[in-house]
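Encoded as structure tokens, the structure appears first; notes follow it.
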Amino acid sequence: MENFYFSNTSHDNSYNYSNNSNINENPDSYGKYIHFSGFTYVALITVTSFGLFVTLLAIFAAYTLTKQDHATPVYIINLLVSDLIQLCSMMALITVTHKSRDTIIQTYLLGVMASVGFMVCVSLERYLVIAKPLWYRFRRNIKAALALCVGVWAGILVLRLIVYLVGFGTGRIITAVFLLAPFPFFVFFLAGTLKALSAAKVPVDEKRRVVAILVLVLLIYTLLFLPIIVFCLVKEARDNVKDDCGLQKDHNTPITTVACYRFLSTTITQDLKWESTISSLIKKVQKRISSITVWYAGATARDRHRLQHVVHSAEKVIGCSLPSLHDLYVSRTVRRAGRITADPSHPAGSQFIPLPSGRRFRSIRARTSHHKNSFFPSAIGLLNI
């Protein structure tokens with residue numbers, strides 16, 4: 005990936021392949037071997053100009069959505085900025101002198117690596133929406149997204165500095181490996197999302213939207229980045245010759261991805277509707293909690309432990325402590341029994357018969373465990389403590 009120069013023989017038959025010997029002599033200076041024919045020059049100017057206009061328009065559209073406390077457009081903006089860097093680098097390659105092209109190519113590769121990095125961020129964010137909905141609900145914010153984006157840019161800048169210091173051959177391998185590493189993550193995020201969607205009660209249109217986003221990201225990476233990465237690695241392993249496996253094969257990548265990212269940004273900003281996704285689940289939970297005075301005493305120890313584990317998971321998500329289920333059961337049972345005993349006209353008042361001392365209530369004889377664990381015997385037992 006580090007050796008980038010055009011050799012369009014169909015447009016420039018005067019290209020001299022003997023220059024490869026010169027490249028071997030000075031591999032760190034390969035910008036001077038980039039040549040453009042007249043047709044290629046005009047085509048690149050036209051396409052990159054159009055790409056710049058569309059990218060800037062998409063960045064403005066995504067920026068308007070960040071004011072609505074959406075974290076996803078932050079990744080989209082950085083994704084488009086990385087494309088903008090690639091487009092500007094391509095235009096600079098056409099206009100600047102040969103001596104400055106090495107720096108421009110390094111800048112171009114910076115944009116390519118940033119594109120892949122933010123594609124991983126987009127896939128991760130969509131995966132968390134489905135697989136970890138509570139975490140996503142309480143932890144998503146623009147500040148966290150901005151911090152992650154700053155970390156991605158800083159990491160890529162450090163990596164590009166390392167590549168520049170280690171030299172041409174090793175640097176090309178490092179770059180290719182970095183670009184190849186996210187592929188398992190894309191597959192994992194897609195598989196994990198499909199698995200979570202199969203068990204979640206999500207509307208069909210919402211499922212299609214989420215899956216379409218992840219599939220689109222995987223297709224962009226697979227069709228536009230992966231072939232070039234694999235080709236360069238195989239070529240390096242075969243003959244260790246610095247050939248032209250660079251810009252002449254991916255000079256259309258940023259222009260092609262502009263349209264893909266435009267579709268991605270307009271789709272991904274339509275976040276899953278929280279109400280339509282888990283509103284029915286929230287209603288069921290509220291019903292279960294409101295009736296905890298009825299079912300908790302009869303629950304097995306295993307079921308209580310599992311439910312308490314869910315409460316601990318919720319504490320980690322929202323970042324604050326929650327009352328235990330046992331404390332919640334005791335407080336609600338005592339409060340409900342207190343309302344009954346305080347109302348002389350309550351129909352269930354006859355179940356609470358005070359003893360002569362007036363401080364305790366007469367226990368209810370229960371012949372079965374089901375009756376013993378019901379509300380009235382349990383409530384009297386708690387009031388007598």
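In this text, residue positions in the sequence shown follow the numbering used here: the first is 5, and each later residue adds one.
Using N, Cα and C, we set each Cβ at its ideal position, and we do this for glycine too.
Output the distance between the C-alpha atoms of E279 and R141, rounded to the nearest integer angstrom. What you label residue 279 is simply residue 275 of the sequence shown in a count that begins at 1. What you label residue 141 is simply residue 137 of the sequence shown in a count that begins at 1. Here the model assigns E279 a pLDDT of 47, short of 50, so the residue's position is not dependable, and the following value carries that caveat. One C-alpha to the other measures close to 12 Å.
Are any of the Cβ atoms in chain B nearer than 8 Å to that of T107? The chain labelled as chain B is not found in the depicted structure, where only one protein chain is given.
Looking only at its chain, what residues have a beta carbon closer than 8 Å to the beta carbon of R308, apart from the 5 residues adjacent to it on each side? Residue 308 sits at position 304 when you count from the first residue of the sequence shown. Excluding sequence neighbours, R308 sits near Y300, L329 and H330.
How is the alpha helix (DSSP H) around N145 delimited, first residue to last? Your numbering for residue 145 matches position 141 in the sequence shown. From DSSP, N145 is part of no alpha helix (DSSP H); its letter is neither H nor E.
To the nearest whole angstrom, what separates the beta carbons of L198 and V215, a pair I think is in contact under 8 Å? To locate residue 198, count along the sequence shown from 1; it is residue 194. To locate residue 215, count along the sequence shown from 1; it is residue 211. The Cβ separation is near 7 Å, so the contact holds.
Nearest neighbour of L60, chosen from I81, T76 and V51 [CA to CA]: Position 56 of the sequence shown, counting from 1, holds the residue named residue 60. For the residues I81, T76 and V51, the minimum Cα distance to L60 belongs to I81.
Could you round the C-beta distance between W157 and A185 to whole angstroms and report it? I think they count as a contact, below 8 Å. By 1-based counting over the sequence shown, the position of residue 157 is 153. By 1-based counting over the sequence shown, the position of residue 185 is 181. Contact doesn't hold; Cβ gap of about 17 Å is too wide.
Should A180 go down as buried or exposed, given a rule of 16 or more other Cβ atoms within 10 Å for buried? In the sequence shown, the residue the question calls residue 180 occupies position 176. Buried, by the Cβ-count rule.
Please say whether T76 and E129 have beta carbons closer to each other than 8 Å? One-based indexing of the sequence shown puts residue 129 at position 125. One-based indexing of the sequence shown puts residue 76 at position 72. A contact, by the Cβ cut-off of 8 Å.
Alpha helix (DSSP H) segment containing Y225, residue limits: Translated into positions along the sequence shown, residue 225 becomes position 221. Per DSSP, Y225 belongs to no alpha helix (DSSP H) and is neither H nor E.
Going along the chain, which residues of its own chain have a beta-carbon closer than 7 Å to the beta-carbon of Y131, five neighbours each way excluded? In the sequence shown, the residue the question calls residue 131 occupies position 127. Answer for Y131: F193, G196 and T197, listed in chain order.
Beta-bridge pairing of P360 - partner residues as DSSP gives them: For the purposes of this step, residue 360 is taken as the residue at position 356 of the sequence shown. Looking at the DSSP assignment, P360 forms no beta bridge with any residue, so it has no partner.
Does the stretch 341 to 357 come close enough to the stretch 371 to 389 that 3 or more CB-CB pairs lie under 8 Å? yes
Cut-off 6 Å between Cβ atoms - residues of its own chain near P188, not counting five sequence neighbours on either side: Along the sequence shown, read from residue 1 onward, the residue named residue 188 stands at position 184. There are no such residues.
Tell whether a beta-carbon distance below 8 Å holds between L161 and V78. Residue mapping note: residue 161 aligns to position 157 of the sequence shown, counting from 1. Residue mapping note: residue 78 aligns to position 74 of the sequence shown, counting from 1. Going by C-beta atoms, L161 is not nearer than 8 Å to V78.
Would you decide whether I233 is buried or exposed? Buried here means 16 or more other CB atoms lie within 10 Å of its CB. In the sequence shown, counting from the first residue as 1, residue 233 sits at position 229. Answer is buried; the Cβ neighbour count reaches 16.
Taking its Cβ as the centre, do 16 or more other Cβ atoms sit within 10 Å of E210, making it buried, or is it exposed? The count along the sequence shown starts at 1 and reaches residue 210 at position 206. Buried.
Given a cut-off of 8 Å, decide if G115 and I89 are closer than it, judged by their beta-carbon atoms. As a first step, residue 89 must be located in the sequence shown, where it is residue number 85. As a first step, residue 115 must be located in the sequence shown, where it is residue number 111. Contact flag set, yes.
Going by beta carbon distance, what residues of the same chain come within less than 8 Å of R336, once the five residues before and after it are set aside? Counting from 1 along the sequence shown, the entry for residue 336 is found at position 332. These residues qualify, in order along the chain: I296 and T297.
Just how far apart, CA to CA, sit I108 and S127? On the sequence shown, position 104 is the one that residue 108 refers to. On the sequence shown, position 123 is the one that residue 127 refers to. The straight-line gap from Cα to Cα measures roughly 29 Å.
How would you call C324, buried or exposed, if buried means at least 16 neighbouring beta carbons within 10 angstroms? As a working note, residue 324 is residue 320 in the sequence shown. Result: exposed.
Let me confirm a value: L183 is counted as buried when at least 16 other C-beta atoms fall within 10 Å, else exposed. Which label applies? Residue numbering aside, residue 183 sits at position 179 when the sequence shown is read from its first letter. Per the 10 Å Cβ criterion, buried.
When you compare the CB positions of S93 and T68, do they come within less than 8 Å of one another, or not? Counting from 1 along the sequence shown, the entry for residue 93 is found at position 89. Counting from 1 along the sequence shown, the entry for residue 68 is found at position 64. Cβ atoms of S93 and T68: not closer than 8 Å.
Looking only at DSSP bridge pairs, what is F365 linked to? Along the sequence shown, read from residue 1 onward, the residue named residue 365 stands at position 361. F365 pairs with P358.
Am I right that M123 and I224 are in contact with their C-beta atoms under 8 Å? What's the rounded C-beta distance? Stepping through the sequence shown from its first residue, residue 123 is reached at position 119. Stepping through the sequence shown from its first residue, residue 224 is reached at position 220. 7 Å between Cβ atoms; contact.
Contact belief for A200 with A135 at Cβ below 8 Å, rounded distance in angstroms: Working through the sequence shown from its first residue, we reach residue 200 at position 196. Working through the sequence shown from its first residue, we reach residue 135 at position 131. Confirmed, about 5 Å.
Would you say I357 and R366 are within 8 Å of each other, going by their C-beta atoms? Residue 357 sits at position 353 when you count from the first residue of the sequence shown. Residue 366 sits at position 362 when you count from the first residue of the sequence shown. Yes, the Cβ-Cβ distance between I357 and R366 is below 8 Å.
If you draw a straight line from the C-alpha of S86 to the C-alpha of R212, how long is it? Your numbering for residue 86 matches position 82 in the sequence shown. Your numbering for residue 212 matches position 208 in the sequence shown. Going from the Cα of S86 to the Cα of R212 covers about 28 Å.
From A66, I166, I98 and W139, pick the residue whose C-alpha is nearest to that of S53; which is it? Residue numbering aside, residue 53 sits at position 49 when the sequence shown is read from its first letter. That would be I98, whose Cα lies nearest to the Cα of S53.
Going by C-alpha distance, which of V221, N388 and A66 is nearest V338? Position 334 of the sequence shown holds residue 338. For the residues V221, N388 and A66, the minimum Cα distance to V338 belongs to N388.
Using CA atoms only, rank isn't needed, just tell me which of I166, C125 and G171 is closest to V154. In the sequence shown, the residue the question calls residue 154 occupies position 150. Ranking the options by Cα distance to V154, first place goes to C125.
Three-way DSSP call (helix, strand, coil) for S382 in this model: Taking the sequence shown and counting its residues from 1, the one referred to as residue 382 is at position 378. S382 falls in the helix class under three-state DSSP.
How would you label H374, buried or exposed, when you count the other beta carbons within 10 angstroms and need 16 or more for buried? Here the question's residue 374 lines up with position 370 in the sequence shown. So H374 counts as exposed.
With G55 and L91 assumed to form a contact (beta carbons below 8 Å), what rounded beta-carbon distance in angstroms separates them? Sequence index remark: in the sequence shown, residue 55 carries index 51 (1-based). Sequence index remark: in the sequence shown, residue 91 carries index 87 (1-based). Indeed, because the Cβ distance is near 5 Å, the residues count as touching under 8 Å.
By how many angstroms is the C-alpha of W139 removed from the C-alpha of A318? Taking the first residue of the sequence shown as position 1, residue 318 is located at position 314. Taking the first residue of the sequence shown as position 1, residue 139 is located at position 135. Roughly 8 Å separates the two Cα atoms.
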